[in-house]
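Heads up: the structure comes next, in structure tokens.
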Amino acid sequence: LPISLLLNNTFSSGIYHSSNTPRSSPNIFNLLFSLYTLSQFQHSSIIINTLHFLIHIFTNTCCSSLTSSSKTFTNPTHQIPTSTHFPPHSMALETLLFKVKTAISNSFDSVPPKLLKKKPSFKSKRNVAVLAFEIAGVMSKLLHLFQSLSDATIVRIRNDAVTLEGVRKIISNDESFLLGLACAEFTETLRLVANSVTRLSQRCEDANLRNFHQAFSEFADTGRDSNGWVFSGPKEIEAKFRKMERYVMLTATLHREMEELSVLENGFRKALNLNHHHHRRNSCSEGNESSFGVGKEQKIYELQQKICWQKQEVKDLKDRCLWSRSFDGVVLLLVRFCFTVLARIKVVFGIGHSMPCLSATSAAVYPSDQNPNSCHEFVSGSLESPELDVIKDGLGLGTGFFESNSKLLKPPPSTLGASALALHYANLIIVLEKMIKTPHLIGLDARDDLYGMLPSSIRSGLRARLKGIGFCASDPVLAGEWKDALGRILGWLSPLAHNMIKWQSERSFEQQNLVPKTNVLLLQTLFFANKEKTEAAITELLVGLNYIWRFEREMTAKALFECANFNGFIKSAKS
């Protein structure tokens, strides 16, 4: 309603009547209520002052009128009495008006100054809000990558992963090449994480953070950290590591609690709908049906209480996790950790320009378990590789540090990775492993299914190998030799197949948050395995399995035949 119309209605509604009595109290109350309602949506000083003015006039007018009538009733001569006694209804009206005036005044006094329009400040601090879940995923990847660069993991790579028999047989026996693959995989993982951080940094208000991609590329290529984003020492790294771990844990808990809240709210809406339909069907019924409705309403009330508690839990978690943190501050934490992880990779693998501040502490940085006072030596050693000498000498830095490492991860044409057969062969080897352990349980259907898994190259090689083997498989000595040979082959081939499955499952979208990280590197899988050597090993497994399976069948048939002959002999003897 326009304020002028309200003012006109105020004086036309008969407040100032010739006899100083209100013409229509209900109309005045309606006008007051309209003004009060309007004030809730538009907090204007004109509306507030008008409302106070009307209440004041209406109170004085009503009280004056009631006082006059009271004087006439108690003192006909119109002399001023020693004590004025109002009738009970006048006192009640005065009390009611006083309460209304007080309530409205308090409501206006409680209007926060935030509701008044103000010019926005030059810098607005934005919180992470719903992007907390995406940022928590990026943090989790960074934390896992940094843990993978610990001294214990690097020692395991140098002493165990690189020296695996299967790696030496079908991938490469060149330790420098294998270490180059490990470095390239760590670098590629960091590059993918940094791409996610780059997308987040574009939303920042800080110009330096928006320039993260260029600064990170410059640091990777030249080792120049113009912003000083690399953490200074192990204590700072450990503190930030723990902080990020806490953020990831709380944000994951928030995600679960919000899902639980969504389930409760959906259940509450369904319960309300069912209760509404129940009341409509049984609006005229009584007895057991009414008690049933009371029970339903009690359940709805309990569900509503659970929703209130769950909302409070979600609110508390939002205050503690990434949700309520400053967006620029969180992105800065990610940016600095990316720089620190890259510096750790360079120091561990002996790549790039010297970085004195980090080199003195990189051996002891968290999660290292070594003495922080050790300045120039670390447990893992410098995993130098001739494949990376171009990068170490600085000659390849101009072409791009990440590009140089990405080329190392491209599998040669002779490998299973280039043929896209690594995962299929891993599944085939695992099936063969199970069959070799229990050859007596292999049926004709399982045998046909196994043959259907074989590619054409292995089928042709298998037919050529089976030509030199006779149809008879009754030699127990030869069967024992085959079992030993198959055990030796599976001893070095099976770990690569299982690692291939683990590596793939950790990186599949559906299993990202379900499968624990196992620190399996690509060089420990069948991805870089030589195709011909792998197929030759699989063919040997198939030939040996074929002989053992036929041997088991012949031994079983022979035992059944002897048992049948023995039973027939007993029956003939009895007759």
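Numbering (UniProt numbering), first residue to last: 1 to 575. Where is the CB? At the ideal position from N, CA and C, for every residue including glycine.
Taking DSSP as the reference, what is the three-state secondary structure of residue i?
i	result
residue 587	Since the first residue of the chain shown is 1 and the last is 575, residue 587 is not available in this structure.
Ser326	strand
Asn519	coil
Ser474	coil
Ile170	helix
Leu164	coil
Glu205	coil
Ile469	coil
Asn499	helix
Ser505	helix
Cys563	helix
Cys338	helix
Cys308	helix
Give the range of the alpha helix (DSSP H) segment to which residue i is assigned.
i	result
Asn195	175-201
Trp229	Where Trp229 is concerned, there is no enclosing alpha helix (DSSP H), given that its DSSP letter is neither H nor E.
His144	132-148
Gly350	Careful: Gly350 lies outside any alpha helix (DSSP H) and carries neither H nor E.
Gly452	444-453
Ser460	456-466
Leu423	422-437
Gln524	Where Gln524 is concerned, there is no enclosing alpha helix (DSSP H), given that its DSSP letter is neither H nor E.
Asn405	401-408
His440	No alpha helix (DSSP H) holds His440; DSSP gives it neither H nor E.
Ser217	212-222
Opposite residue i in the DSSP bridges: which residues?
i	result
Thr415	Asn530
Asn127	Ser326
For residue i, I'd like the list of residues in its chain whose CB is within less than 7 Å of its CB, leaving aside the five on either flank, ordered along the chain.
i	result
Trp503	Val520, Leu522, Thr525
Pro76	Here the model assigns Pro76 a pLDDT of 43, short of 50, so the residue's position is not dependable, and the following value carries that caveat. Taken in chain order, the list of residues that qualify is empty.
Ser324	Asn127, Lys318
Pro411	Gly417, Ala418, Phe527, Phe528
Ser494	Ile429, Glu433
Phe133	Thr251, His255
Leu322	Val128, Ala132, Ile135, Ala136, Tyr247, Thr251, Val330
If I measure Cβ to Cβ from residue i and keep anything under 6 Å in the same chain, skipping five residues before and after, which residues do I get?
i	result
Val331	Leu200, Ser201, Cys204, Leu209
His213	Thr198
Leu261	Gln310, Val314
Ile171	Phe528, Ala529
Ile442	Met435, Trp549
Taking residue i as the reference, which of the options has the closest Cα?
i	options	result
Ile154	Asn173, Gly180, Asn499	Gly180
Lys467	Tyr301, Val543, His144	Val543
Leu541	Met555, Ala271, Leu143, Tyr425	Tyr425
Lys318	Thr222, Ala129, Asn227, Gly400	Ala129
Asn227	Glu245, Ala220, Ala215, Pro234	Ala215
Ser404	Ser176, Gly166, Glu185	Glu185
Gly480	Ile237, Ile548, Ser419	Ile548
Ile351	Thr556, Gly223, Pro495	Gly223
Phe231	Val162, Ile469, Val335	Val335
Glu313	Gln304, Val347, Leu254, His498	Leu254
Met555	Asp475, Ile307, Ala537	Asp475
Tyr301	Asp328, Arg269, Ser326	Arg269
Phe219	Gly400, Asn530, Glu238, Asn499	Gly400
Phe327	Ser456, Glu259, Leu131, Lys531	Leu131
Val193	Val138, Val263, Cys563, Lys407	Val138
Val347	Thr187, Lys558, Ala559, Trp492	Thr187
Leu490	Ser150, Leu333, Glu165	Glu165
Glu552	Ser505, Glu535, Ile538, Lys483	Lys483
Arg465	Leu496, Asp225, Asp206, Ile538	Ile538
Val162	Ile436, Ser176, Gly487, Ser456	Ser176
Pro455	Ala536, Thr438, Met500, Ile501	Ala536
Lys169	Asn427, Trp492, Thr438, Leu560	Trp492
Ser457	Lys407, His498, Thr534, Leu444	Thr534
Leu303	Val263, Glu506, Asn173	Val263
In chain order, what residues of the same chain have a beta carbon less than 8 Å from the beta carbon of residue i, not counting five sequence neighbours either side?
i	result
Leu190	Leu145, Cys338, Val341, Leu342, Ile345
Glu297	Asn275
Cys563	none
Leu142	Val193, Met244, Leu334, Phe337, Cys338, Val341
Glu257	Gln310, Glu313, Val314, Leu317
Leu409	Leu181, Ala184, Glu185, Glu188, Leu522
If you measure from the beta carbon of residue i to each beta carbon in chain C, is any gap under 8 Å?
i	result
Phe551	No chain C appears in the structure shown, which is made up of a single protein chain.
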